[in-house]
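In the UniProt record's numbering, the protein residues as written are 1 to 436. Beneath this line is the structure, given in structure tokens, with notes to follow.
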């Protein structure tokens, strides 16, 4: 199936098509090497062994407040060759591998670890906070709603209480761990949300794992109980405050906001007897099976919030991927894409936070050395700076006036557009996720 023309692509955005999905040719030898390392870490046969190799003992950890450390291309290259990179990929791919050929219903009906129930209750509370912080009347604007700032302030006020419930009571440990969940809800200055914020949520789970609170036996519950609950919270937040997509690639991105549902969801569908990658074009399959498979649910959700019909037009990358021969190809491609398009992209990783549980390596810059604002302090409109190389600072441009914005195209939320249209037409709100 031919795809729409690529006019207006953001400069530097990689086009992933069905034809080269299994080969996943990178833009450079660095990406090829990243893929090789990730595949070595991430095969089902050695994920457990890799996890044991890269995970440190609790007593070896020195807590510290997480800050930005990827402030130049050199810093990014250091990260890609670091033990922390191996730790992160082993954890994320370990979650993915733990739910291969597994349905949401199977895991949700099984007995849960008590701490998993505690995390779900924390996320329940995070969703209830939305009702306490109603969106401001913005005159029909589809851009981020300022009430989101109040929402994040309320989240911040509950961080200590939440972590006390989890058994993280030491002040330094709380500061280290809680920073990640706080940053997983979006940026209060830019009022945006993207795969980098989603990654912060996974890093929060990684931190709890490193504190021996979430053993490897809980991984299926994290992927198919905890993560779907977080996903539902974020859909409510996005639909209420119209969070702008962070670093959007326009229609040429996989999704405006999320990546992990496609990674975990493709693993779930491996060896499925009748659901094929092309099945995402069948409304009945999406309706009947989305409750059990994150990939199908995310596709159904994307369809529901776009104001044009057909993946070919609003999500051509998902359309391209559907031509893959089987789910094994899709799963492998998603892992490679996570390495190349999330961890391998400076615009995403320049916002990544390093602390004591997820440490930076020697030689990486600090915010103090480069005079860069903290992640939540970066002013709206492009005053934040990173130094790509040679100490020459680069100013973010979030003005929305250029196509080569280093952090992607500043675009209004598709959810915001759909919600405003429904308000004008008196239609219903967005459907709820089928996860409880």
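In this text, a Cβ means the ideal position worked out from N, Cα and C, and glycines have one as well.
- Minimum Cα-Cα distance from residue 147 among the listed residues 325, 190, 106 and 180 corresponds to 190.
- Going by beta carbons, residue 123 and residue 154 fall outside the 8 angstroms limit.
- For residue 360, no alpha helix (DSSP H) segment is defined, and its DSSP state is neither H nor E.
- By the Cβ neighbour-count rule, residue 195 is buried, with 16 or more other Cβ atoms within 10 Å of its own.
- Distances from the alpha-carbon of residue 94 to those of 76, 209 and 165 put 209 closest.
- A distance of 8 angstroms or more separates the beta carbons of residue 228 and residue 286.
- Contact between residue 64 and residue 355 holds, since their C-beta atoms are separated by about 5 angstroms, short of 8 angstroms.
- Straight across, the Cα-Cα distance linking residue 184 with residue 290 is about 24 angstroms.
- A direct Cα-to-Cα measurement between residue 83 and residue 309 gives close to 44 angstroms.
- Contact check between the segment 108-119 and the segment 157-167: three or more CB pairs, one atom from each, fall below 8 angstroms, which counts as touching.
- Between residue 144 and residue 241, the CB-CB gap stays under 8 angstroms.
- When C-alpha distances from residue 260 are compared across 337, 323 and 187, the shortest belongs to 337.
- Counting only the Cα atoms, residue 256 lies some 13 angstroms from residue 311.
- For residue 353, the pairing in a beta bridge is given by DSSP as 68.
- For residue 298 against residue 258, the beta-carbon gap comes to about 6 angstroms, under 8 angstroms, which counts as contact.
- For the alpha helix (DSSP H) assignment, the uninterrupted runs of no fewer than 4 residues enclosed by the segment 84-159 are, from N- to C-terminal side, 104-109, 114-132 and 147-157.
- The Cβ-Cβ distance between residue 99 and residue 220 falls below 8 angstroms.
- Secondary-structure assignment with DSSP links residue 293 through no beta bridge to anything.
- In the structure shown, the three-state DSSP call for residue 255 is coil.
- About 7 angstroms separates the Cβ atoms of residue 85 and residue 343, confirming a contact at the 8 angstroms cut-off.
- In this structure, 193 is the residue among 67, 96 and 193 with its C-alpha nearest to the C-alpha of residue 236.
- Beta-carbon to beta-carbon, residue 361 and residue 78 are separated by about 5 angstroms, close enough to satisfy the 8 angstroms threshold.
- For residue 197, the closest alpha carbon among the candidates 213, 179, 134 and 212 is that of 179.
- By the CB criterion at 8 angstroms, residue 202 and residue 96 fall outside the cutoff.
- Take the alpha-carbon of residue 73 and the one of residue 106: they are about 43 angstroms apart.
- As computed with DSSP, residue 193 is found in a beta bridge with 245.
- With a threshold of 16 other beta carbon atoms within 10 Å, residue 313 falls short and is exposed.
- Residue pairing by DSSP places residue 187 opposite 192 in a beta bridge.
- In this structure, residue 254 sits near residue 318, with a CB-CB distance shorter than 8 angstroms.
- Distances from the alpha-carbon of residue 171 to those of 306, 62 and 371 put 62 closest.
- In the same chain as residue 150, and ignoring 5 residues on each side of it, the C-beta atoms closer than 6 angstroms to its own belong to 133, in chain order.
- Between the alpha carbons of residue 109 and residue 125 lies a distance of about 22 angstroms.
- The DSSP-derived three-state label of residue 311 is helix.
- In the three-state reduction of the DSSP assignment, residue 269 falls in the coil class, being assigned neither a helical nor a strand state.
- Residue state for residue 178 is assigned as helix, using DSSP reduced to three classes.
- Contact annotation: residue 68 and residue 353 have beta-carbon atoms nearer than 8 angstroms.
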